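Colleague:
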Amino acid sequence: QALLETPQKLFALILTPTRELAFQISEQLMALGSSFGLKCVTIVGGMDMISQSLSLAKKPHIIVATPGRLVDHLENTKGFNLKSLKYLVLDEADRILNMDFEQEVDKLLTVIPKDRHTFMFSATMTKKVQKLQRASLKDPVRVEVSSKYQTVDSLQQYYVFIPVKYKDLYLVYILNELVGNSFMVFCNTCNNTQRIALLLRNLGFTAIPLHGQMSQSKRLGSLNKFKSKTRSILIATDVASRGLDIPHVDVVLNYDIPTHSKDYIHRVGRTARAGRYGKAVTFVSQYD
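Quick note on numbering: full-length UniProt numbering labels position 6 of the sequence shown as 6, and the sequence is numbered without any gaps.
Following this line, the structure appears as structure tokens:
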């Protein structure tokens with residue numbers, strides 16, 4: 001709304017922890033702003049720096065970026081700066097800081113105007129987020145939805161206690177039992193994600209992997225195939241556990257138990273969204 005009232009180039013910067021979330025936010029901004037000619041550019045790692053530099057040279061209204069790549073451009077792209085910025089948004093601020101982007105965020109805060117509006121969205125108020133809040137915000141207003149972690153009532157949660165060597169067997173059994181549903185299967189490592197996707201594909205399932213060791217184009221390809229329902233099973237690491245809005249996920253299956261309880265909440269939060277019902281199944285082995 002502020003951009004409509006006073007149209008200006010390089011008006012807002014939105015920082016996100018992951019590339020996929022950056023692309024999703026850009027998609028929504030373009031959908032909302034197409035009627036008044038909004039120009040938005042996505043700046044993330046894994047993409048060509050030169051073409052990104054050309055996009056930045058056109059001075060879009062909004063930049064959606066991951067911190068590392070944006071700092072690269074501030075240091076290396078001639079003529080690019082954020083001196084006219086009016087709005088700074090940190091989406092998933094706790095995860096941005098947990099992914100060791102603190103240095104990059106500190107650098108960005110030194111080169112953008114102090115006279116700006118800052119919005120920080122965070123699922124948890126961690127010590128790092130509180131520290132950043134004190135350092136970068138002046139007289140902040142805090143809006144809190146809930147003080148504790150909780151799942152929605154429309155989510156049915158189950159666990160299956162099994163020996164670790166039978167995990168693959170039970171995974172295939174559950175996928176067959178709940179055939180016709182769409183699944184997100186979460187693993188803790190990229191290797192396991194890739195292995196399970198290959199295993200399921202060899203067994204005739206429409207499974208597709210999504211993890212940090214894939215190229216950016218392949219990651220987006222996997223996500224789009226799952227969103228468009230051409231693939232019904234997405235095998236992913238926690239790169240897909242936050243922020244991504246995929247409305248049709250029926251079942252979340254934790255092949256590996258997440259390291260932190262907060263990550264469990266984020267994973268199972270991919271289903272039972274917007275009033276829908278969903279299931280979450282977690283495998284628990286003798287080592288968990």
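Backbone N, C-alpha and C define an ideal beta-carbon position, used for all residues, glycine too. Bear in mind that the values here come from a model prediction, so they are computed numbers and not experimental data.
Are the CB atoms of Val62 and Phe11 nearer to each other than 8 angstroms?
Modeller: Looking at the sequence provided, one finds Ile at residue 62 rather than Val. Going by C-beta atoms, Ile62 is nearer than 8 angstroms to Phe11.
Colleague: Are three or more beta carbon pairs between the stretch 247–264 and the stretch 280–287 nearer than 8 angstroms?
Modeller: yes
Colleague: How far does the beta strand (DSSP E) with residue 289 in it extend, from its first residue to its last?
Modeller: Lying before the first or after the last residue shown, residue 289 is absent from the chain, which here runs from 1 to 288.
Colleague: Taking all protein chains shown into account, do 16 or more other C-beta atoms lie within 10 angstroms of the C-beta of Arg242, making it buried, or fewer, making it exposed?
Modeller: It is buried - the Cβ of Arg242 has at least 16 other Cβ atoms within 10 Å.
Colleague: With a floor of 3 residues, list each beta strand (DSSP E) that falls wholly inside the UniProt domain "Helicase ATP-binding" (1–143), ordered by position along the chain.
Modeller: 12–15, 40–43, 62–65, 87–90, 117–120
Colleague: Over what stretch of residues does the beta strand (DSSP E) that includes Ile233 continue unbroken?
Modeller: From DSSP, the beta strand (DSSP E) with Ile233 extends over 233–236.
Colleague: Tell me where the beta strand (DSSP E) around Gln183 begins and ends.
Modeller: It should be pointed out that residue 183 corresponds to Phe in this sequence rather than to Gln. Where Phe183 is concerned, the enclosing beta strand (DSSP E) stretches over 183–186.
Colleague: Does the structure place the stretch 265–275 close enough to the stretch 226–243 that three or more beta carbon pairs sit under 8 angstroms?
Modeller: yes
Colleague: Under 8 angstroms between the Cβ atoms of Ala31 and Ala65?
Modeller: no
Colleague: If you run the structure through DSSP and keep just helix, strand and coil, what is Phe205?
Modeller: coil
Colleague: Using 8 angstroms as the threshold, is the C-beta distance between Val251 and Thr230 below it?
Modeller: no
Colleague: Quick one: Cα of Met214 to Cα of Lys39, how far?
Modeller: 28 angstroms
Colleague: Kindly identify the DSSP beta-bridge partner or partners of Ala274.
Modeller: Note: Ala274 sits in no beta bridge, so no partner.
Colleague: Would you mind working out which of Arg116, Leu244, Gly180 sits nearest Phe205, comparing C-alpha positions?
Modeller: Selected option, being the one with the closest Cα: Gly180.
Colleague: Can you grab the Cα-Cα spacing for the pair Ile208 / Leu244, in whole Å?
Modeller: 16 angstroms
Colleague: Is Leu210 near Arg201, with beta carbons less than 8 angstroms apart?
Modeller: no
Colleague: Once DSSP output is grouped into helix, strand and coil, what is the label at Lys279?
Modeller: Annotated three-state conformation of Lys279 is strand, per DSSP.
Colleague: For Leu253, report the span of its beta strand (DSSP E) as first-last.
Modeller: 251–254
Colleague: What is the residue span of the alpha helix (DSSP H) that Ile265 lies within?
Modeller: 261–268
Colleague: Give me, in chain order, the residues of the same chain whose beta-carbon lies closer than 8 angstroms to that of Leu56; leave out the 5 immediate sequence neighbours on both sides.
Modeller: Val41, Ile43, Ile63, His73, Thr77, Phe80
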